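Residue numbers (the working numbering): 3 to 345. These notes are about the structure you will find just below.
Written out as structure tokens, the structure reads:
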């Protein structure tokens with residue numbers, strides 16, 4: 003199969019992210035503007051990025067920058083402003099006569115439509131989080147004899163409508179059913195994106211998967227991609243499952259903005275590097291060596307701290323958005339699911 007063969011209809015669907023300078027510079031500017039230009043908004047600080055970032059380029063250490071902060075930034079606000087970019091919804095939920103099940107209806111923004119047969123294998127519903135938000139969930143039946151169900155936490159600037167075709171293709175090829183959900187503020191989910199909501203969202207998805215479909219933890223594979231690795235690691239640190247897949251993971255928010263950061267500061271967001279040692283399930287780490295959004299070093303560091311890491315997949319030459327277009331992506335997942343997890 004060629005790199006474009008599997009996903010020719012949806013080559014941009016799996017991990018649409020902000021431009022690398024946008025993500026890193028915005029995060030860096032949010033931290034340093036409190037020291038050098040607190041009167042600026044985040045957007046103004048970003049506009050003047052060459053001016054503000056020169057403090058770093060000229061040798062001002064991170065610890066020196068911290069000493070300049072009159073007050074530390076709030077991780078939740080950083081996360082909401084910088085880490086989440088929900089797109090305009092690409093789908094709607096159409097209720098059945100009972101109101102408990104919903105049909106996924108793609109909007110005109112979607113680049114494809116489903117056949118009636120495909121629609122029959124996709125079930126939508128809502129779940130309520132502990133923080134009061136109603137989130138959209140999707141169960142995709144890809145294989146009638148599948149042993150494993152993947153709880154998939156998607157990337158940043160996509161929603162269930164954009165991801166649903168990918169789920170059908172992936173699940174069919176690796177013989178897994180797929181359960182996914184939209185974060186608060188994404189798609190037709192209520193609320194607003196935040197770090198706390200991120201953790202509550204995956205908790206609600208986990209409970210729905212367990213209770214609504216009766217799937218036991220040993221038959222669940224947690225799969226997180228990019229920002230989706232954050233709730234995935236958090237959940238995996240609290241529950242033992244069949245396996246965990248971390249696709250382009252990040253160590254923490256500060257380490258994305260400031261690559262030389264060696265420790266987790268109390269105001270850091272998304273500290274997955276400190277949670278990964280608590281994960282007791284087998285972990286497969288996947289990362290592109292030329293990732294321009296979350297540097298390859300993040301995947302290496304996460305892998306090295308995994309107590310039960312399996313052979314990782316380092317995709318030579320792959321960036322942040324195209325790992326799944328390389329042949330070894332599917333090959334590695336197939337071997338992991340159908341061979342390694344069954345032995």
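The beta carbon of each residue, even a glycine, is placed where N, CA and C say it ideally should be. This one's a predicted model, so the numbers in the text were calculated from it and none came from an experiment.
Test item: CB-CB of residue i and residue j under 8 angstroms
i	j	result
residue 229	residue 135	no
residue 169	residue 154	yes
residue 303	residue 253	yes
residue 188	residue 195	yes
residue 171	residue 180	no
residue 163	residue 96	no
residue 307	residue 279	yes
residue 245	residue 343	yes
residue 186	residue 177	no
residue 131	residue 206	yes
residue 103	residue 125	yes
residue 314	residue 281	no
residue 129	residue 156	no
residue 293	residue 321	yes
residue 117	residue 140	no
residue 184	residue 138	yes
Local conformation of residue i per DSSP, three classes
i	result
residue 316	strand
residue 273	coil
residue 222	strand
residue 248	strand
residue 287	strand
residue 280	helix
residue 214	helix
residue 339	helix
residue 199	helix
residue 323	coil
residue 298	helix
residue 331	helix
residue 57	Below a pLDDT of 50, predicted positions are generally treated as unreliable, and residue 57, at 36, falls in that range; the measurement from the model is reported next regardless. Residue 57 falls in the helix class under three-state DSSP.
residue 258	helix
residue 267	coil
residue 292	coil
residue 232	helix
residue 188	coil
residue 242	coil
residue 306	helix
Residue(s) in a DSSP beta bridge with residue i
i	result
residue 95	106
residue 237	Per DSSP, none; premise fails for residue 237.
residue 227	249
residue 85	DSSP lists no partner for residue 85.
residue 311	285
Evaluate the contact criterion for the segment 283-297 versus the segment 266-275: three or more CB pairs, one atom per stretch, below 8 angstroms. At 8 angstroms Cβ cutoff, the stretches do not touch.
For the segment 113-184, which segments carrying the alpha helix (DSSP H) assignment without a break, of at least 4 residues, lie completely within its bounds, in sequence order? As far as the segment 113-184 is concerned, its whole alpha helix (DSSP H) runs of at least 4 residues are 118-122 and 162-176.
Three or more C-beta pairs under 8 angstroms: does that hold for the segment 219-233 against the segment 262-270? no
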